[in-house]
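Trainee: Mapping to this note's numbering: the sequence shown position 151 is 149, numbers consecutive. Beta carbons are placed, not taken as given, at the ideal position from N, Cα and C, and that holds for glycine.
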Amino acid sequence: MLSRFSARLLIVCGAVALLPSVLPLTAAEPEFTPLFNGSDLDNFEQRNGTATYRIEDGAIVGKTSEGSPNSFLCTKKHYGDFELLFEVKVDDALNSGVQIRSASKGDVPEGRVHGPQVEIATNGTAGFIYGEALGTGWLSEDRTDKAAQAAFKKGEWNRYRVLARGKSIQTWVNDVPVASLTDEKSGMSSGFIGLQVHGIGKGTGPYEVRWRNLKIRELK
């Protein structure tokens, strides 16, 4: 005969065994989807500037144009809260970036692209956030972290991760934390993603920047 304690123990064990079948399942995180399919730029449109963009070995290659202002290859779709991954390689003399939650003034290709920009550069500022055409200067006010300054590798492919949720923007370069800020200045909560080729002066360049493995997942 089972003791009263043993009987209670059996009931508890049975209830625990049933838990997986009765508790609601946690919703799975959304999957990453490619921003670039490796074969065409149909999901993008160019805004500002006369830099050229081409596809080479599965990467988007942006090339400077002498005397041109900043150029941007922008997604046709807009994104608000998201996680973005990409790899980038840039000529040492070129400054570049990836726009997030950005817009074009007047909503036309010729209108000035503006919004938060994730910096691509070899001077120790890679991964920090700049306010492109916002009149704010750097959104990342503190850029003194030595590990962050050393994260970007010259002449190599560099891995970026960007996490934007609400007013929070965080970035990592080669798995090193770089920016972590609450964006109170840009006023941008949604917009396109843009690949920048920075303008250069006459008699300089040409320079190139390359992006590959661009993928994103939207967050709810």
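Along the alpha helix (DSSP H) that carries A145, what are the first and last residues, could you check?
Mentor: Here residue 145 refers to the residue found at position 147 when the sequence shown is read from its first residue. Here the alpha helix (DSSP H) through A145 covers K144 to Q147.
Trainee: Starting from the Cα of K75, find the closest Cα among S94, G185 and G192 and give me that residue.
Mentor: Residue 75 sits at position 77 when you count from the first residue of the sequence shown. A check of alpha carbon separations from K75 across S94, G185 and G192 identifies G192 as the nearest.
Trainee: Tell me S102's beta-bridge partners as DSSP assigns them.
Mentor: Along the sequence shown, one-based indexing puts residue 102 at 104. According to DSSP, S102 bridges with V111.
Trainee: Which residues does DSSP list as the beta-bridge partners of G192?
Mentor: Taking the sequence shown and counting its residues from 1, one reaches residue 192 at position 194. Looking at the DSSP assignment, G192 forms a beta bridge with C72 and Q97.
Trainee: If you follow the beta strand (DSSP E) that N41 is in, where does it begin and where does it stop?
Mentor: For the purposes of this step, residue 41 is taken as the residue at position 43 of the sequence shown. Note, N41: premise wrong, no beta strand (DSSP E); not H, not E.
Trainee: Per the DSSP calculation, P175 is bridged to which residue(s)?
Mentor: Counting from one through the sequence shown, the residue named residue 175 turns up at place 177. The partner list for P175 (beta bridge, DSSP) reads W170.
Trainee: Could you tell me the alpha carbon to alpha carbon distance between V174 and H112, rounded to whole angstroms?
Mentor: Locating residue 174 in the sequence shown gives position 176, counting from the first residue. Locating residue 112 in the sequence shown gives position 114, counting from the first residue. Each residue's Cα considered, the two are about 27 Å apart.
Trainee: Measure the beta-carbon distance from Y77 to V116 and round it to whole angstroms, keeping in mind my assumption that it falls under 8 Å.
Mentor: Start at 1 with the first residue of the sequence shown, and residue 77 comes out as number 79. Start at 1 with the first residue of the sequence shown, and residue 116 comes out as number 118. Contact doesn't hold; Cβ gap of about 13 Å is too wide.
Trainee: Could you pull the start and end residues of the beta strand (DSSP E) that G129 belongs to?
Mentor: Along the sequence shown, read from residue 1 onward, the residue named residue 129 stands at position 131. Element bounds for G129: I127 to E130.
Trainee: Quick check: what's the CA-CA separation for I9 versus E29?
Mentor: Indexing the sequence shown from 1 puts residue 9 at position 11. Indexing the sequence shown from 1 puts residue 29 at position 31. Because the pLDDT of I9 is 44, which lies under 50, any placement of that residue in the model is unreliable, and the number read from its coordinates should be weighed accordingly. Going by the C-alpha atoms only, they are around 40 Å apart.
Trainee: Determine the DSSP secondary structure at G60, reduced to helix, strand or coil.
Mentor: Walking along the sequence shown from the start, residue 60 turns up at place 62. Note: G60 maps to strand in three-state DSSP.
Trainee: CA-CA distance, G47 and D38?
Mentor: As a working note, residue 47 is residue 49 in the sequence shown. As a working note, residue 38 is residue 40 in the sequence shown. One C-alpha to the other measures close to 20 Å.
Trainee: With distances taken from CA atoms, which of L83, G56 and S94 is nearest A49?
Mentor: Sequence index remark: in the sequence shown, residue 49 carries index 51 (1-based). Nearest option by C-alpha distance: S94.
Trainee: Hey, is the segment 143 to 151 in contact with the segment 182 to 202, meaning 3+ C-beta pairs nearer than 8 Å?
Mentor: no
Trainee: List the endpoints of the continuous beta strand (DSSP E) containing I53.
Mentor: For the purposes of this step, residue 53 is identified with residue 55 of the sequence shown, where counting begins at 1. Element bounds for I53: T50 to E54.
Trainee: If I follow the unbroken beta strand (DSSP E) through E216, where does it start and stop?
Mentor: Counting from 1 along the sequence shown, the entry for residue 216 is found at position 218. For E216, the uninterrupted beta strand (DSSP E) run begins and ends at E206 to E216, by DSSP.
Trainee: Which word fits S69, buried or exposed, when buried means at least 16 other C-beta atoms lie within 10 angstroms of its C-beta?
Mentor: Here residue 69 refers to the residue found at position 71 when the sequence shown is read from its first residue. Here S69 is buried: its Cβ has 16 or more other Cβ atoms, across all protein chains shown, within 10 Å.
Trainee: How many Å lie between A119 and D40 at the Cα?
Mentor: If you number the sequence shown from 1, residue 119 lands on position 121. If you number the sequence shown from 1, residue 40 lands on position 42. So the alpha carbons of these two residues sit roughly 27 Å apart.
Trainee: Just to confirm the assignment, what range does the beta strand (DSSP E) spanning E230 have?
Mentor: Within the shown structure, residues of the chain are numbered from -1 to 218, placing residue 230 beyond reach of any answer.
Trainee: Sort V59, W209 and R52 by Cα distance to W155 and report the nearest one.
Mentor: Translated into the one-based positions of the sequence shown, residue 155 becomes position 157. It is W209.
Trainee: Does the distance from the C-beta atom of N211 to that of L83 stay below 8 Å?
Mentor: Here residue 211 is taken as the residue at index 213 of the sequence shown, counted from 1. Here residue 83 is taken as the residue at index 85 of the sequence shown, counted from 1. Yes, the pair counts as a contact, with Cβ atoms nearer than the cut-off.
Trainee: How is the beta strand (DSSP E) around Y158 delimited, first residue to last?
Mentor: The residue labelled residue 158 in the question sits at position 160 within the sequence shown. It spans N156 to R163 - the beta strand (DSSP E) in which Y158 sits, taken as one unbroken run.
Trainee: Spell out the partners DSSP gives E139 in its beta bridges.
Mentor: For the purposes of this step, residue 139 is taken as residue 141 along the sequence shown, with counting starting at 1. Paired residues: none, contrary to the question.
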